[in-house]
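Protein chains: 2
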Amino acid sequence: MEAKLREYARLLVQTGVSLKPGQRLQITAQVEAAPFARLVAEEAFRAGAGDVEMIWEDDAIRRLRLFHAEESVFDEGDSHSEAYWQGVARRGDADLRIRCSAPTAFQGVDQSRVMREYRAMSPVRKLRMERMNAGVLQWCIAACASPAWAAEVFPDLPEEEGVAKLWDSIFAACLVEGDGGASGRWAKKQEDFTRRVEILNRYAFRTLRYRSGLGTDLTVGLPDNHFWEGGYSFCEGRPYLPNIPTEEIFTSPHRLEVDGVIVSSLPLFLSGVMVEGIRMRLERGKIVEASAKTGEAVLLEQLNVDEGARYLGECALVSWDSPIRNTGILFRNTLFDENASCHFAFGDSYSMVRGSEGMSEEERLAIGLNVSETHVDFMVGTEDLEVVGITADGREIPIVVNGNLTL
Amino acid sequence: MEAKLREYARLLVQTGVSLKPGQRLQITAQVEAAPFARLVAEEAFRAGAGDVEMIWEDDAIRRLRLFHAEESVFDEGDSHSEAYWQGVARRGDADLRIRCSAPTAFQGVDQSRVMREYRAMSPVRKLRMERMNAGVLQWCIAACASPAWAAEVFPDLPEEEGVAKLWDSIFAACLVEGDGGASGRWAKKQEDFTRRVEILNRYAFRTLRYRSGLGTDLTVGLPDNHFWEGGYSFCEGRPYLPNIPTEEIFTSPHRLEVDGVIVSSLPLFLSGVMVEGIRMRLERGKIVEASAKTGEAVLLEQLNVDEGARYLGECALVSWDSPIRNTGILFRNTLFDENASCHFAFGDSYSMVRGSEGMSEEERLAIGLNVSETHVDFMVGTEDLEVVGITADGREIPIVVNGNLTL
Numbered sequence: 025m026e027a028k029l030r031e032y033a034r035l036l037v038q039t040g041v042s043l044k045p046g047q048r049l050q051i052t053a054q055v056e057a058a059p060f061a062r063l064v065a066e067e068a069f070r071a072g073a074g075d076v077e078m079i080w081e082d083d084a085i086r087r088l089r090l091f092h093a094e095e096s097v098f099d100e101g102d103s104h105s106e107a108y109w110q111g112v113a114r115r116g117d118a119d120l121r122i123r124c125s126a127p128t129a130f131q132g133v134d135q136s137r138v139m140r141e142y143r144a145m146s147p148v149r150k151l152r153m154e155r156m157n158a159g160v161l162q163w164c165i166a167a168c169a170s171p172a173w174a175a176e177v178f179p180d181l182p183e184e185e186g187v188a189k190l191w192d193s194i195f196a197a198c199l200v201e202g203d204g205g206a207s208g209r210w211a212k213k214q215e216d217f218t219r220r221v222e223i224l225n226r227y228a229f230r231t232l233r234y235r236s237g238l239g240t241d242l243t244v245g246l247p248d249n250h251f252w253e254g255g256y257s258f259c260e261g262r263p264y265l266p267n268i269p270t271e272e273i274f275t276s277p278h279r280l281e282v283d284g285v286i287v288s289s290l291p292l293f294l295s296g297v298m299v300e301g302i303r304m305r306l307e308r309g310k311i312v313e314a315s316a317k318t319g320e321a322v323l324l325e326q327l328n329v330d331e332g333a334r335y336l337g338e339c340a341l342v343s344w345d346s347p348i349r350n351t352g353i354l355f356r357n358t359l360f361d362e363n364a365s366c367h368f369a370f371g372d373s374y375s376m377v378r379g380s381e382g383m384s385e386e387e388r389l390a391i392g393l394n395v396s397e398t399h400v401d402f403m404v405g406t407e408d409l410e411v412v413g414i415t416a417d418g419r420e421i422p423i424v425v426n427g428n429l430t431l
Numbered sequence: 025m026e027a028k029l030r031e032y033a034r035l036l037v038q039t040g041v042s043l044k045p046g047q048r049l050q051i052t053a054q055v056e057a058a059p060f061a062r063l064v065a066e067e068a069f070r071a072g073a074g075d076v077e078m079i080w081e082d083d084a085i086r087r088l089r090l091f092h093a094e095e096s097v098f099d100e101g102d103s104h105s106e107a108y109w110q111g112v113a114r115r116g117d118a119d120l121r122i123r124c125s126a127p128t129a130f131q132g133v134d135q136s137r138v139m140r141e142y143r144a145m146s147p148v149r150k151l152r153m154e155r156m157n158a159g160v161l162q163w164c165i166a167a168c169a170s171p172a173w174a175a176e177v178f179p180d181l182p183e184e185e186g187v188a189k190l191w192d193s194i195f196a197a198c199l200v201e202g203d204g205g206a207s208g209r210w211a212k213k214q215e216d217f218t219r220r221v222e223i224l225n226r227y228a229f230r231t232l233r234y235r236s237g238l239g240t241d242l243t244v245g246l247p248d249n250h251f252w253e254g255g256y257s258f259c260e261g262r263p264y265l266p267n268i269p270t271e272e273i274f275t276s277p278h279r280l281e282v283d284g285v286i287v288s289s290l291p292l293f294l295s296g297v298m299v300e301g302i303r304m305r306l307e308r309g310k311i312v313e314a315s316a317k318t319g320e321a322v323l324l325e326q327l328n329v330d331e332g333a334r335y336l337g338e339c340a341l342v343s344w345d346s347p348i349r350n351t352g353i354l355f356r357n358t359l360f361d362e363n364a365s366c367h368f369a370f371g372d373s374y375s376m377v378r379g380s381e382g383m384s385e386e387e388r389l390a391i392g393l394n395v396s397e398t399h400v401d402f403m404v405g406t407e408d409l410e411v412v413g414i415t416a417d418g419r420e421i422p423i424v425v426n427g428n429l430t431l
């Protein structure tokens, strides 16, 4: 166990944020993650970190505040966080987030307060997104087992067993085996990502057509000069792995060229609320109808964050037969569940069009990229999903057949 | 146990910071204190807090940084903390610190790095001290049991037993019995503080003379118009209890009128290092010689923080026969151990001279108050300590006989 924890910590430092000697690392983590976060800090210093700074969070305190603090608190934003992240940007620090929230930590909370807080934090979020979009931030999101999360994934197990099983599932999904080879295994896995990305980029599809038995029936236009990525991202030429684990290859859809119906296939946990059975209808890119069997209010709040929240920002392909799916576990955490299923996101696009890095918002919109303060993944992959790529000259190429990538 | 924890949490909110309805509470706590800090937050909201904000700390990460971060990090200060504390000051928030550090958490750390960090944080500390000295901050420092602290107090007990015993000792020292009456017991205890303070203030001693078998032999001049305080402090007329527990009555010595030798009677834990067997010689207020049997380097670093660090800033009387002494436990934590023994502090004075609130540094120095960035308590009480007060007309009044207050 100890060996696996350390290997996992090293994976996040070496491969996740790909820390450079002398570079500083910012770690955002919940207080429950302290023992693991300290291991990561040790490994970061071993890798030559200039400094490691912690930003601690606590869901229990946040929940109390959302219930009991006076309303105006949520409109205030956070000028000291802004100052802080400006320093991070100026120095070029790496940014690691270690998540261990209980999926339903915020069930029952007044969503209008959540959204007020979310809007007020916009300057801080923008600082980070600009750097991500400009390709100058090494960032990584990963997970850490916690009693509260384990209790929702394995409700029938005693706490200690549940946590141990959740750790084992994380290790399995993240290729951590305790022999120190995890970074190597991810480098090897990158060969698959690279091959698939090259094939997709060579086809340069105009349109993707999705169909599933659940009711998804959709065409997704792709922008001129779009490209696919999978596995590593690059910060000034340096590969890093922004999500651990990751199974997806993804690009940006053309924000105005998506038409049809999407039906989600897995629950999504949004602001700590479970959103299940999403059904959306899109016309010329815009989500004109949206409903959900549970959590609809939270979904609609997110779709109303701004104009861009009503357009898609990501289109990602994952085989149904993936290591994460094969754990047989619903992690109730997007980082894992999105990597067990083809998915979309509504909201902000990554810059998956050649030459778009550093573009202004207006320029991004003009070439079909989306601009929003939100970015929410939701899963559409099923055992019977079919995705067909249509080339500029009208050829139809099967990409996903019976849920699995054919490339 | 649960009932005592809740009573203790309520004591810190109601009596410690004496939170006003609608007022915000800032809680600084280590991540290990999260379960207790959440109880305090609950009780704060129950008492009508406008908001509760957490500032989390972690000794393990701080220790790693002090060992491994690049040197320049420690000179940078913390502009976002400064912005933060300016907000706290502007709104008039209350400030609660919950400590649970292991006494020797920072043993072995390079003290020059600690001091660079300490100096760089000066603007933040000053903001807080100015408000304390101006009598416009409701603040409280209290403690919380932790495995690391318990292991140093009860090295022979298994972790769980040690933590339980430390909690019991904290409850005993803080008059927490689990029946919700702690605030009432402190109000009753205040009658003793008030009586003693009134007697001392009526005598208006010119000088105190200290003698103990350990070698303390000292005269301490007191400034004109000095006054004594004990128990409650007052923020714009509102009583609050800045230390829980507290047994001391204290005033400010005249910074230039202290002469003789002080020998410490209990270890002091300074920046996580044990300092034992302090011996100081003072001439016209200035500490001209200082040594310690262990931790001398740390002591000297603190004495060299600035000019004011070499002068006394507090003079406090505690009976040897005190509830904390009677637990028979050396807590290895100043908050507790200083309340088991008469003590002094070198460094900054509180404003224990009538009319000195809001005075400039120059004005404070002119009336005999001390100005420094540091304030370090050290214990001189022994079973045989004698303290005699000498009035303006030369009468000698015994104040402490055989270690105990006679008032």
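Line by line, the protein sequences are chains Z and Y. Residue numbering for the first sequence follows this note's numbering, beginning at 25 and increasing consecutively. Residue numbering for the second sequence follows this note's numbering, beginning at 25 and increasing consecutively. Even for Gly, the Cβ is constructed at its ideal location relative to N, Cα and C. Nothing here was measured: the structure is a model prediction, and the numbers come from that model.
*Between Met-78/Z and Pro-59/Z, what straight-line distance do the alpha-carbon atoms span, to the nearest angstrom?*
13 Å
*asked:* When you compare the CB of Arg-89/Y with every CB in chain Z, is at least one pair closer than 8 Å?
replied: yes
*asked:* Would His-104/Y and Ala-107/Z be called neighbours here (beta carbons separated by less than 8 Å)?
replied: yes
*Quick one: grab the DSSP three-state call for Tyr-256/Y.*
coil
*Out of Val-221/Y, Leu-242/Y, Glu-253/Y, Ser-125/Y, point me to the one whose CA is closest to Tyr-374/Y's CA.*
Glu-253/Y
*asked:* Less than 8 Å between the C-beta atoms of Arg-62/Z and Ala-84/Y, yes or no?
replied: yes
_Classify Phe-321/Z: buried if its beta carbon has 16 or more other beta carbons within 10 angstroms, exposed otherwise._
Residue identity check: residue 321/Z is Ala in the sequence provided, not Phe. Under this definition Ala-321/Z is an exposed residue.
_Residues bridged to Asp-283/Z [DSSP beta-bridge criterion]_ = Thr-243/Z
*asked:* Can you tell me where the alpha helix (DSSP H) holding Ile-194/Y begins and where it ends?
replied: 183–197
*So is Phe-69/Z in contact with chain Y if we call contact Cβ pairs under 8 Å?*
yes
_Neighbour list for Arg-62/Z in chain Y, Cβ cutoff strictly below 8 Å_ = Asp-82, Ala-84, Ile-85, Leu-88
*For Thr-52/Y, the first and last residue of its enclosing beta strand (DSSP E)*: 48–54
*Would you check if the region 148–163 of chain Z and the region 246–265 of chain Z touch, i.e. whether three or more CB-CB distances between them fall below 8 Å?*
yes
*Over the uninterrupted alpha helix (DSSP H) stretch that includes Tyr-227/Z, give me the two end residues.*
206–227
*Asn-225/Y to Gly-255/Y, Cα distance in whole Å?*
15 Å
*Below 7 Å CB to CB, which residues in the same chain sit around Ile-348/Y once its five sequence neighbours on both sides are set aside?*
Ala-197, Pro-269, Glu-271, Phe-360, Asn-363, Ala-364
*Straight-line CA distance for Val-112/Y to Phe-251/Y?*
29 Å
*asked:* Less than 8 Å between the beta carbons of Leu-324/Z and Ala-314/Z, yes or no?
replied: yes
*Please confirm if Gly-74/Z has its CB atom under 8 Å from at least one CB of chain Y.*
yes
*Could you tell me the boundaries of the beta strand (DSSP E) in which Thr-231/Z lies?*
231–235
_I'd like to know whether the C-beta atoms of Ile-302/Z and Phe-402/Z end up nearer to each other than 8 Å._
yes
*Check whether the Cβ atoms of Ile-223/Z and Leu-36/Z lie closer than 8 Å to each other.*
no
*Give a yes or no on whether 8 Å exceeds the smallest Cβ distance from Tyr-108/Z to chain Y.*
yes
_Min CB distance Glu-320/Z to chain Y below 8 Å_ = no
*Given a threshold of 16 other Cβ atoms within 10 Å of its Cβ, counted over all protein chains shown, does Val-425/Y qualify as buried or as exposed?*
exposed
_For a quick check, are the C-beta atoms of Gly-384/Z and Leu-393/Z less than 8 Å apart?_
Residue identity differs from the one stated: residue 384/Z is Ser in this sequence, not Gly. Cβ atoms of Ser-384/Z and Leu-393/Z: not closer than 8 Å.
*Alpha carbon to alpha carbon, how far is Arg-419/Z from Gly-413/Z?*
8 Å
*In terms of alpha-carbon separation, which member of Leu-336/Z, Leu-306/Z, Leu-290/Z lies closest to Lys-317/Z?*
Leu-290/Z
*Counting along the chain, where does the alpha helix (DSSP H) carrying Trp-18/Z start and finish?*
Not covered by the structure: residue 18/Z. The range shown for chain Z is 25 to 431.
_Given 8 Å, three or more beta-carbon pairs between the region 41–49 of chain Z and the region 62–71 of chain Z_ = yes
*Going by other Cβ atoms of all chains shown within 10 Å of its Cβ, with 16 needed for buried, is Gly-405/Y buried or exposed?*
buried
*Leu-436/Z and Val-400/Z look like a contact to me (Cβ under 8 Å); what is the Cβ gap, rounded to whole Å?*
The structure shown does not extend to residue 436/Z, since chain Z is modelled only from 25 through 431, so no value can be given for it.
*Closest Cβ-Cβ distance between Ala-93/Z and chain Y: below 8 Å?*
yes
_Classification of Asn-357/Z by the beta-carbon crowding that lies within 10 angstroms, buried from 16 upward_ = buried
_Taking 8 Å as the threshold (beta carbon to beta carbon), is Met-145/Z in contact with chain Y?_
no
*Helix, strand or coil: how does DSSP classify Phe-60/Z here?*
helix
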